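Residue numbers (the working numbering): 7 to 338. The beta carbon of each residue, even a glycine, is placed where N, CA and C say it ideally should be. Remember, it's a predicted structure, so these values are computed and weren't measured experimentally.
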Amino acid sequence: MDMISSVLRRPAAASFLSLLGVLIFYVIFGGVDLGKLAGAASWVNYAARIGIVALPVALLMISGEIDISIGAMIPAGAMTTAIIAGHYELPMFVAVIAALAVGVLVGLFNGLLATRTSVPTLIITLGTLVGMQGIVLAGSKLLTGAASVPLTAPDWAKTVFGDFIFGGSHQVVIIWWIILTAVFWFLMHQSKYGNWIFAIGGDKVSAKNAGIPVDRITILLFIGTATSASFVGMCHAILFNSAQVSGGMNDIFNIIVSVVVGGVLLTGGFGSILGVFIGTITFAIVIKGIDFTAIDRNWANLIIGIMLLAAVGMNETFRKKALTAVSKKKKG
Numbered sequence: 007m008d009m010i011s012s013v014l015r016r017p018a019a020a021s022f023l024s025l026l027g028v029l030i031f032y033v034i035f036g037g038v039d040l041g042k043l044a045g046a047a048s049w050v051n052y053a054a055r056i057g058i059v060a061l062p063v064a065l066l067m068i069s070g071e072i073d074i075s076i077g078a079m080i081p082a083g084a085m086t087t088a089i090i091a092g093h094y095e096l097p098m099f100v101a102v103i104a105a106l107a108v109g110v111l112v113g114l115f116n117g118l119l120a121t122r123t124s125v126p127t128l129i130i131t132l133g134t135l136v137g138m139q140g141i142v143l144a145g146s147k148l149l150t151g152a153a154s155v156p157l158t159a160p161d162w163a164k165t166v167f168g169d170f171i172f173g174g175s176h177q178v179v180i181i182w183w184i185i186l187t188a189v190f191w192f193l194m195h196q197s198k199y200g201n202w203i204f205a206i207g208g209d210k211v212s213a214k215n216a217g218i219p220v221d222r223i224t225i226l227l228f229i230g231t232a233t234s235a236s237f238v239g240m241c242h243a244i245l246f247n248s249a250q251v252s253g254g255m256n257d258i259f260n261i262i263v264s265v266v267v268g269g270v271l272l273t274g275g276f277g278s279i280l281g282v283f284i285g286t287i288t289f290a291i292v293i294k295g296i297d298f299t300a301i302d303r304n305w306a307n308l309i310i311g312i313m314l315l316a317a318v319g320m321n322e323t324f325r326k327k328a329l330t331a332v333s334k335k336k337k338g
């Protein structure tokens, strides 16, 4: 019992239970073949796409902040790449650097506003979201005269950022997702920076008093979310040899849901990289895996809603279990 209680106190517990629940539901009510589902590329590709952005978003949310401008940064990265390498035919490495630079600049802008003003980051990043949508659309029309821009990526760019692997069905971003998950896991759970982020999310004032560079960490976290979204947009443009001004805009909700299902509290101070990794897989299976069942796809949103509410409830329950266990240890 002690072992089970210890496992349930971990932030990843909610994500694991959510994944297990979805799979059981699909098997019982959808007649899904788990072997066929496991070998499918559709949900893995989608999980990698949103998972790369979900990792830094999770760190930001653990610190007590949120960034919804990521929805505009995915098409911003894609359009920057396509306009520079496709429309103006400049070298691809210039387009790659420019796409990442756009992410850094927007993240820096969000971070500075978050640390220099008292405006909630939801409002700040909402403004950035709308502003970047306008910039991407107006800039594309002004520079190219179109809302969709084609490009031809060189072989090296295809191999590194936008190609199909494992027999031509899985995308190379899966490898990036796995590598970045390992990097973020080490950063969050094996370094002092992870402790700092948890401390900021727990009590920002106390973290400052303890000498943690709260403002600097917050700015870096915002740079991470915006740049990761721009990176995903860039990879998508290289993979499909084109970019659209609205591509990836709907991923805002999907990314945040994946993070919450992954065990991260919206109030901050609680979460794990493993949980977010599993939560992203869970969400991707709900969205793409329903095609392998006998269930009408129109029910997918209902399943997501139920899963999100259940995850939020479990997250809060497991957080209280963890706090109770820590309190007992201190008293003992």
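Straight-line spacing of the CA atoms in Ile130 and Leu119 works out to 7 angstroms. Looking from the CA of Leu157, the closest CA among Ser212, Lys294, Gly140 and Cys241 belongs to Cys241. The Cβ-Cβ distance between Ile89 and Leu149 falls below 8 angstroms. Residue state for Ala144 is assigned as helix, using DSSP reduced to three classes.
For Val155, the uninterrupted beta strand (DSSP E) run begins and ends at Ser154 to Pro156, by DSSP. Collapsing the DSSP output to three states places Ile171 in a strand. Lys294 has its alpha-carbon roughly 6 angstroms from the corresponding atom of Ser48.
Taking Gly268 as the centre and dropping the five residues before and after it, the same chain places the C-beta of Ser21, Gly281, Val282 and Gly285 closer than 6 angstroms to its C-beta, in chain order.
A distance below 6 angstroms between beta-carbons, with the five flanking residues on each side excluded, links Ala78 to the following residues of its chain, in chain order: Leu135, Met138 and Gln139.
Using a Cβ distance threshold of 8 angstroms, Ala54 and Ile141 do not count as a contacting pair. In the DSSP assignment, Ser248 is bridged to Pro156. Non-local C-beta neighbours of Glu71 in its own chain, meaning closer than 6 angstroms and more than five positions away in sequence, comprise Thr127, ordered along the chain.
For Phe298, no alpha helix (DSSP H) segment is defined, and its DSSP state is neither H nor E. Looking at the backbone, the Cα of His195 and that of Val270 are separated by about 14 angstroms. Our two residues, Ser124 and Met67, have alpha carbons roughly 17 angstroms apart in a direct line. Nearest to Gly151 by alpha-carbon distance, out of Phe170, Ala213 and Met85, is Met85. By the CB criterion at 8 angstroms, Phe237 and Gly133 fall outside the cutoff. Within the region 174-236, complete alpha helix (DSSP H) segments of at least 4 residues are found at 179-195, 198-208 and 210-215, given in chain order. With respect to the C-alpha of Trp305, the residue from Pro17, Val28 and Lys147 having the closest C-alpha is Val28. When secondary structure is reduced to three states using DSSP, Asp302 falls in the coil class, being assigned neither helix nor strand. When the alpha-carbon of Leu226 is set against those of Leu65, Gly207 and Tyr32, the nearest one is in Leu65. Within a 10 Å sphere around the beta-carbon of Pro160 sit fewer than 16 other beta-carbons, which makes this residue exposed. Inclusion of Thr87 and Ile229 in the CB contact set at 8 angstroms is not warranted, their separation being larger than that value.
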